[in-house]
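Remarks on the structure that follows.
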Amino acid sequence: MNSGILLVDKPQGITSHDVVARVRKAAGTRKVGHAGTLDPLATGLLVLGLDSSTRLLTFLVGLDKTYEATIRLGVSTASDDCEGEVTATADASGVADAAVDAGIADLTGPISQVPTTVSAIKVGGRRAYDLAREGVEVELAARDVVVSEFVVLDRRDGVADGVAVRDLDVRVSCSSGTYVRALARDLGAALGVGGHLTALRRTRVGSFDVADAAVLEGIEVAPALLAPSAVASSLFPVWSMTADEATDLGHGKRPATGRADTEGPVAAVTASGDLAGLVSVRGGRAVPIVNFPTDEVRA
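When you read off a place in the sequence shown, starting at 1, and then add 678, the result is the number in my numbering.
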């Protein structure tokens with residue numbers, strides 16, 4: 679049985695889809711999905727779902743995330759990271775620490791952010807990065823995001839390709855959909871010298887930490903899987919079901935829960951500790967949101 683959530687530490691230089699392909703091969707299953715990609719430049723935490731646990735991914739995509747990154751002030755690029763063509767340079771040696779801190783403060787909290795042009799956002803049914811590669815000018819609408827933490831861990835002055843630059847190692851915690859590349863771009867623009875991202879590592883997704891992730895090279899999937907019941911129980915309130923209630927739920931019935939009505943999902947966990955599904959509670963009864971197959975999860 680391969681159902682479960684898998685945490686993988688993605689190495690640099692490959693796509694998230696490459697990781698999915700390798701996990702499919704290692705696990706011997708085609709049914710592998712992810713809860714948010716990382717660019718080839720980036721490293722760090724990828725959250726994958728296998729077999730029936732792909733049904734949980736919808737509820738993981740929107741979790742807050744934490745990144746460690748390096749922002750280079752003094753150079754702007756077309757992609758807002760080091761893989762894009764340089765579009766402008768400026769001497770960043772005169773940028774004061776106080777100005778950097780003020781710029782970061784302005785980008786902390788609820789903000790409106792225009793995503794990076796070279797992104798996976800769809801425009802007219804096509805990915806923005808595909809359009810950009812074809813030379814099509816893409817204008818993306820601003821979106822509301824929340825940057826709950828944006829702190830400088832280290833500052834370094836240097837020279838890159840003859841340009842005086844300032845590198846900032848930062849940690850960013852933010853809502854889903856936030857582009858750290860866009861934060862680098864906007865900070866550089868506010869300081870008048872431009873900026874882009876030279877390194878990015880995702881260290882946290884919700885309560886999941888990269889320290890608990892498996893290394894992709896030589897990965898053994900089965901022992902690294904997190905049980906769907908454990909994952910759901912960490913995210914939602916738990917309704918501990920009897921065997922009869924689990925059977926009724928599996929048959930499409932709405933058993934009484936003895937719980938107050940809820941807005942969000944409740945993890946329906948059987949007496950044997952398996953996840954029967956996610957439910958909402960209406961009129962004290964369980965209304966299925968997602969059911970899990972008995973032959974795979976409650977075997």
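We put the beta carbon where it would ideally sit given N, CA and C, even for glycine.
Cα-Cα separation between residue i and residue j, rounded to whole angstroms
i, j, result
"Cys760", "Leu875", "6 Å"
"Gly855", "Asp890", "23 Å"
"Arg960", "Arg863", "46 Å"
"Pro788", "Asp922", "47 Å"
"Leu913", "Glu895", "29 Å"
"Gly872", "Ala777", "14 Å"
"Val944", "Val829", "35 Å"
"Glu812", "Thr693", "For Glu812, the pLDDT reaches just 47, beneath the cut-off of 50, and the residue's location in the model is therefore unreliable, leaving the point undetermined."
"Leu684", "Leu831", "30 Å"
"Ala819", "Arg859", "16 Å"
"Ala949", "Gly962", "20 Å"
"Val993", "Val753", "In the structure displayed, the chain extends from 679 to 977; residue 993 sits before or after that span and is not available."
"Ser851", "Ile897", "28 Å"
"Asp775", "Gly781", "10 Å"
"Ser731", "Thr795", "33 Å"
"Gly772", "Leu861", "20 Å"
"Glu763", "Leu734", "38 Å"
"Arg821", "Thr925", "44 Å"
"Val883", "Thr707", "24 Å"
"Val899", "Asp758", "35 Å"
"Gly840", "Ala770", "12 Å"
"Gly682", "Val843", "45 Å"
"Thr755", "Ala867", "12 Å"
"Thr744", "Arg849", "7 Å"
"His929", "Thr920", "14 Å"
"Ser853", "Gln791", "12 Å"
"Gly951", "Gly942", "21 Å"
Local conformation of residue i per DSSP, three classes
i, result
"Val968", "strand"
"Ala704", "helix"
"Thr925", "helix"
"Arg937", "coil"
"Asp835", "strand"
"Ala699", "helix"
"Ser694", "helix"
"Leu913", "helix"
"Asp742", "coil"
"Leu983", "Here the chain has residues from 679 to 977 only, and residue 983 is not among them."
"Arg932", "coil"
"Ser920", "Sequence check: residue 920 is Thr here, not Ser. Coil at Thr920, not helix or strand."
"Ser681", "coil"
Member of the options whose CA lies at the smallest distance from the CA of residue i
i, options, result
"Asp717", "Leu741, Tyr857, Asp729 and Asp769", "Tyr857"
"Ile749", "Arg833, Thr736, Val825 and Asp696", "Arg833"
"Leu751", "Ala768, Pro793, Asp742 and Val792", "Ala768"
"Phe886", "Val697, Val739, Gly836 and Val899", "Val739"
"Ala704", "Thr715, Ala720, Val686 and Thr925", "Val686"
"Val710", "Gly722, His695, Ala720 and Leu723", "His695"
"Lys931", "Leu956, Pro966 and Thr707", "Pro966"
"Thr940", "Gly951, Gly691, Asp952 and Pro915", "Pro915"
"Phe737", "Thr744, Gly866, Ala924 and Val909", "Val909"
"Thr935", "Asp926, Arg733, Ala964 and Gly951", "Ala964"
Burial state of residue i (16 or more Cβ within 10 Å)
i, result
"Pro901", "exposed"
"Lys688", "buried"
"His712", "buried"
"Asp845", "buried"
"Val893", "exposed"
"Ser918", "exposed"
"Thr765", "exposed"
"Ala946", "buried"
"Asp835", "exposed"
"Arg955", "Reading off the sequence, residue 955 comes out as Gly, not Arg. Under this definition Gly955 is a buried residue."
Residue-chain proximity (residue i, chain D), Cβ-Cβ < 8 Å
i, result
"Arg932", "The structure shown contains no chain D; it is built from a single protein chain."
- Query: In the region 758-789, which residue ranges form an unbroken alpha helix (DSSP H) of at least 4 residues, counting only runs that do not cross its ends?
  - Reply: 775-784
- Query: In the region 855-909, which residue ranges form an unbroken alpha helix (DSSP H) of at least 4 residues, counting only runs that do not cross its ends?
  - Reply: Within the region 855-909, the runs of alpha helix (DSSP H) at least 4 residues long that lie entirely inside it are, in chain order, 858-868 and 899-902.
- Query: Going along the chain, which unbroken runs of the beta strand (DSSP E) with 3 or more residues stay wholly within the region 710-739?
  - Reply: Complete beta strand (DSSP E) runs here, min 3: 710-712 and 721-728.
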